[in-house]
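K.L.:
For the sequence shown, the numbering used here gives the first residue as 4, with consecutive numbering after it.
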Amino acid sequence: MSDRDILIRGGTILSVDPDLPNEFIGEVLVRGSKIVAVAPKIEVSPENVEIIDATNSIVMPGFVDTHRHTWQAPLRYIGTDWTIAHYAEAMFRRFGPSYTPDDMFVALQLGIAEALEAGFTQLFDWNHNLLSPDHADEVVRAHMESGARTILGYGQSSREWAALAARADHKSIDAPSRDIERLRKRYFTSNDQLTQLAMAARGPELSTLEVVKAEWEQARDLDLRISVHCGNGTWAKIRPVQILRDNDLLWSNVTHIHCNGVTDEEIQMIADSGGTVSLSVEEEMHMGHGHPAVERVLRAGIRPSFSIDTCTNVSGSMFALMKAALSVVRGDSNERRLREGADPISLDLSVRDVIEFATLQGARANGLDHLTGSLTPGKQADLMIIACDTVGMIPLNYAAGAVVMGAHQGNIDTVMVAGRIVKRHGKLVDLDIESLRGRVEACRDRLLEAGGASLGGWVPELTGAGAVGDGAVAAGHTHSHSH
Ligand SMILES: [Zn+2]
């Protein structure tokens, strides 16, 4: 962070602060790690400030991801034609267990850098490949050296998850690792540091009730928030949210990921609990989790957060995710209206709504909305500047609309985390891309070899039942053309 104040001047400000106008041309003053003022005009003495000219740009809070399996970054886009069954087979059985501690460091370095470059100032790393304490140490190091605001979600090892690929009805009976207790004591003693710890729980869909209770108790004892997948495909049949409620485990500090297959009644239970929701809208449609729950969640009164989930199957673009959420909600509601014999005359969800989900609601789901998620005086200076000087972005008529429908990562000129500039003039300031590429490719090559995989559209054969659903059908018919 700079010794001098930073004044961001001349941009269109999308603050996402409900107490400020929706969008206006103005200034943001940053002192140390904090935002101290957001206004149309801020008086400063020029010798004390460094000026960032944001003319023809949009200034807004950084994006917040509430669930990403960052360790998969070296295998990005390998699974763009895979279902979740192929994903479980490949990632948990073939690749995950082959990662060395050094691979985890490289993977996290790549994945967090990707997020920063794409405007994410805050990332919940849902890490289910912590094969040993050495792996965990390297993951923590990558987080702490990244310059991003991160949450390490402790999610056990991929060995623990591998059984899922073999049997759809598999329920883990393994007690949660106690290494999370060591990590808490060794690295996470302060609530002021940029990297925080959380429990990434297996939950009722993937483990026995005894294990679920043990994970929840461990989280409570260590004073950690909990994040858990629920409603993935046919796993939802067991009514995972109902199980949590019936066992007094539906706590307000739990983030429920996906929710595709859970019932409306269960979504209402989440709302009543004060818990939060993370929707990976784009990825859920591609991989087979079920219809995105955006509308159902909103109807229950929950403002959801968004998550990328995995870069093996979809991009790490919040712009794409926001568009996907709008498409699915507007497509559904317009179709309902047409079926009633009338043309649509209003849209249910706005571009401002999805920007709020991508920022402030993400911060809330991560338990950090008192510090981040909006450009609010007193909050941390986690923000980005989107340049609108290309032919596709001029003239700037509606900043929120331009962000959602027009912008992409390449338009992001500047990213700042806690007052420190991490991306400037379109480039990450600390990144040596050539050195990183060499290490990433070496890691990728080893993983492919260990997993018996190849480049260029490889699809794993499903050796087990498939990760989700009616296993016998999934396994038997994948390569069969006779039925
Ligand atoms: Zn996930």
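By construction, the Cβ of each residue, glycine as well, lies at the ideal position given by its N, Cα and C atoms.
Quick check: what's the CA-CA separation for Ser-483 versus Ala-456?
P.N.:
The count along the sequence shown starts at 1 and reaches residue 483 at position 480. The count along the sequence shown starts at 1 and reaches residue 456 at position 453. Low confidence applies here, because Ser-483 scores a pLDDT of 33, under 50, leaving its location unreliable; read the following figure in that light. Their Cα atoms are separated by approximately 21 Å.
K.L.:
Just checking my contact of Glu-53 with Arg-7 at CB under 8 Å: how many whole Å lie between their CB atoms?
P.N.:
Along the sequence shown, one-based indexing puts residue 53 at 50. Along the sequence shown, one-based indexing puts residue 7 at 4. Contact holds; Cβ gap of about 5 Å.
K.L.:
Under 7 Å: does the beta carbon of Ile-260 sit that close to some heavy atom of ligand 1?
P.N.:
Mapped onto the sequence shown, residue 260 falls at position 257. Within the cutoff, so yes.
K.L.:
For Leu-155 and Met-147, what's the separation of their Cα atoms in angstroms?
P.N.:
Stepping through the sequence shown from its first residue, residue 155 is reached at position 152. Stepping through the sequence shown from its first residue, residue 147 is reached at position 144. The straight-line gap from Cα to Cα measures roughly 10 Å.
K.L.:
Could you pull the start and end residues of the beta strand (DSSP E) that Phe-66 belongs to?
P.N.:
Taking the sequence shown and counting its residues from 1, one reaches residue 66 at position 63. Looking at the DSSP string, the run of the beta strand (DSSP E) that includes Phe-66 is 66-71.
K.L.:
Using a Cβ-based criterion (distance less than 7 Å to any ligand heavy atom), does Gly-312 qualify as near ligand 1?
P.N.:
What you label residue 312 is simply residue 309 of the sequence shown in a count that begins at 1. In the sequence under discussion, the amino acid at residue 312 is Asp, which differs from the Gly named in the question. The answer is yes for Asp-312.
K.L.:
Would Gly-489 and Phe-98 qualify as a contact pair, given that the criterion is a beta-carbon distance under 8 Å?
P.N.:
Residue 489 is absent from the structure shown; the chain starts at 4 and stops at 486.
K.L.:
Taking the alpha helix (DSSP H) that Asn-59 falls in, what are its first and last residues?
P.N.:
One-based indexing of the sequence shown puts residue 59 at position 56. Element bounds for Asn-59: n/a, residue is neither H nor E.
K.L.:
Touch check for the region 386-397 and the region 106-119: three-plus C-beta pairs under 8 Å?
P.N.:
The region 386-397, when compared against the region 106-119, does not touch it at the 8 Å Cβ threshold.
K.L.:
My assumption, with CB atoms under 8 Å, is that Ser-210 sits in contact with Ser-180. Please give the rounded CB distance.
P.N.:
The residue labelled residue 210 in the question sits at position 207 within the sequence shown. The residue labelled residue 180 in the question sits at position 177 within the sequence shown. Actually they do not touch by this definition, with Cβ atoms about 13 Å apart.
K.L.:
If I'm right that Ala-57 touches Gly-14 with Cβ under 8 Å, what's the distance once you round it to whole angstroms?
P.N.:
The sequence position of residue 57 within the sequence shown is 54, counting from 1. The sequence position of residue 14 within the sequence shown is 11, counting from 1. The pair is a contact, with the Cβ atoms about 3 Å apart (cut-off 8 Å).
K.L.:
Below 8 Å on the Cβ atoms is my guess for Pro-64 versus Val-19; work out the distance and round it to an integer in Å.
P.N.:
Reading the sequence shown from its first residue, position 61 is the one you call residue 64. Reading the sequence shown from its first residue, position 16 is the one you call residue 19. With a Cβ gap of about 5 Å, Pro-64 and Val-19 count as contacting.
K.L.:
May I have the straight-line CA-CA distance separating Ile-9 from Gly-35, to the nearest angstrom?
P.N.:
The count along the sequence shown starts at 1 and reaches residue 9 at position 6. The count along the sequence shown starts at 1 and reaches residue 35 at position 32. Taking the straight line from one Cα to the other gives about 9 Å.
K.L.:
So for Thr-466, helix, strand or coil by DSSP?
P.N.:
Taking the sequence shown and counting its residues from 1, one reaches residue 466 at position 463. Thr-466: coil per DSSP, three-state reduction.
K.L.:
Looking at the unbroken alpha helix (DSSP H) that takes in Gly-334, where does it start and where does it end?
P.N.:
The sequence position of residue 334 within the sequence shown is 331, counting from 1. 321-342 is the extent of the alpha helix (DSSP H) around Gly-334.
K.L.:
Can you tell me whether Ala-239 is buried or exposed, with buried defined as 16 or more other CB within 10 angstroms of its CB?
P.N.:
Along the sequence shown, read from residue 1 onward, the residue named residue 239 stands at position 236. It is buried - the Cβ of Ala-239 has at least 16 other Cβ atoms within 10 Å.
K.L.:
Taking contact to mean 3 or more Cβ pairs, one atom from each stretch, closer than 8 Å, check whether the region 79-91 and the region 422-439 are in contact.
P.N.:
Short answer: they don't touch.
K.L.:
With distances taken from CA atoms, which of Glu-298, Thr-103, Leu-227, Ala-165 is nearest Pro-136?
P.N.:
Here residue 136 refers to the residue found at position 133 of the sequence shown. Comparing Cα-Cα distances from Pro-136 to each of Glu-298, Thr-103, Leu-227, Ala-165, the minimum goes to Thr-103.
K.L.:
Could you check what DSSP says for Val-31 in three-state terms: helix, strand or coil?
P.N.:
Mapped onto the sequence shown, residue 31 falls at position 28. It is a strand residue.
K.L.:
With Leu-134 and Ser-160 assumed to form a contact (beta carbons below 8 Å), what rounded beta-carbon distance in angstroms separates them?
P.N.:
Indexing the sequence shown from 1 puts residue 134 at position 131. Indexing the sequence shown from 1 puts residue 160 at position 157. With a Cβ gap of about 5 Å, Leu-134 and Ser-160 count as contacting.
K.L.:
Where does Lys-382 land, buried or exposed, given buried means 16+ other C-beta within 10 angstroms?
P.N.:
Counted from its first residue, the sequence shown places residue 382 at position 379. When all chains shown are included, Lys-382 counts as buried.
K.L.:
What's the gap between the Cα of Leu-23 and the Cα of Ile-183?
P.N.:
Your numbering for residue 23 matches position 20 in the sequence shown. Your numbering for residue 183 matches position 180 in the sequence shown. Between Leu-23 and Ile-183, the C-alpha separation is close to 40 Å.
K.L.:
Beta carbon of Arg-367, beta carbon of Ser-308: below 8 Å?
P.N.:
For the purposes of this step, residue 367 is identified with residue 364 of the sequence shown, where counting begins at 1. For the purposes of this step, residue 308 is identified with residue 305 of the sequence shown, where counting begins at 1. Cβ distance < 8 Å, so Arg-367 and Ser-308 count as in contact.
K.L.:
8 Å is my cut-off, CB to CB: does Ser-135 come that close to chain D?
P.N.:
Given the protein chain composition of this structure (a single chain), no chain D is represented.
K.L.:
Please list, in chain order, all residues of the same chain as Gly-409 whose beta carbon is under 7 Å from its beta carbon, the five residues on each side excluded.
P.N.:
Numbered from its first residue, the sequence shown carries residue 409 at position 406. Around Gly-409: Gly-395, Met-396.
K.L.:
Would a C-beta distance cut-off of 8 Å place Lys-44 and Ala-384 closer than the cut-off?
P.N.:
Here residue 44 is taken as the residue at index 41 of the sequence shown, counted from 1. Here residue 384 is taken as the residue at index 381 of the sequence shown, counted from 1. Result no, Cβ atoms of Lys-44 and Ala-384 do not sit closer than 8 Å.
K.L.:
Does DSSP put Thr-211 in a helix, a strand or coil?
P.N.:
Here residue 211 corresponds to residue number 208 of the sequence shown, with the count starting at 1. It is coil, neither helix nor strand.
K.L.:
Give the range of the beta strand (DSSP E) segment to which Gly-14 is assigned.
P.N.:
Against the sequence shown, residue 14 aligns to sequence position 11. 8-16 is the span of the beta strand (DSSP E), which, as asked, contains Gly-14.
K.L.:
Pair every Cβ in the region 249-265 with every Cβ in the region 401-420, then say whether three or more of these pairs are closer than 8 Å.
P.N.:
Contact between the region 249-265 and the region 401-420 is absent, because fewer than three Cβ pairs lie under 8 Å.
K.L.:
Look at the alpha carbon of Arg-223 and the alpha carbon of Ile-55, and state the distance between them as a whole number of angstroms.
P.N.:
Translated into positions along the sequence shown, residue 223 becomes position 220. Translated into positions along the sequence shown, residue 55 becomes position 52. For Arg-223 and Ile-55, the distance between alpha carbons rounds to 44 Å.
K.L.:
Report the option in Arg-152, Glu-26, Glu-117 whose CA atom is closest to the CA atom of Gly-365.
P.N.:
Here residue 365 refers to the residue found at position 362 when the sequence shown is read from its first residue. Of the candidates Arg-152, Glu-26, Glu-117, the one whose C-alpha sits nearest the C-alpha of Gly-365 is Arg-152.
K.L.:
Between the Cα of Gly-413 and the Cα atoms of Gly-206, Ala-165, Ser-320, which residue gives the shortest distance?
P.N.:
Reading the sequence shown from its first residue, position 410 is the one you call residue 413. Checking every option, the nearest Cα to that of Gly-413 belongs to Ser-320.
K.L.:
Thinking Val-214 and Asp-177 are a contact (beta carbons under 8 Å), I'd like their distance in whole angstroms, please.
P.N.:
Within the sequence shown, residue 214 is the residue found at index 211, counting from 1. Within the sequence shown, residue 177 is the residue found at index 174, counting from 1. Going by Cβ atoms, the distance from Val-214 to Asp-177 rounds to 7 Å, so yes, they are a contact pair.
K.L.:
Classify Cys-446 as helix, strand or coil using the three-state DSSP reduction.
P.N.:
Counted from its first residue, the sequence shown places residue 446 at position 443. Three-state result, Cys-446: helix.
K.L.:
Would you report the Cα separation of Val-39 and Val-33, rounded to the nearest angstrom?
P.N.:
Counting from 1 along the sequence shown, the entry for residue 39 is found at position 36. Counting from 1 along the sequence shown, the entry for residue 33 is found at position 30. For Val-39 and Val-33, the distance between alpha carbons rounds to 6 Å.
K.L.:
For ligand 1, I want to know if Trp-129 counts as a neighbour, meaning its beta carbon is within less than 7 Å of at least one of the ligand's heavy atoms.
P.N.:
As a working note, residue 129 is residue 126 in the sequence shown. Yes, the Cβ of Trp-129 comes within 7 Å of a heavy atom of ligand 1.
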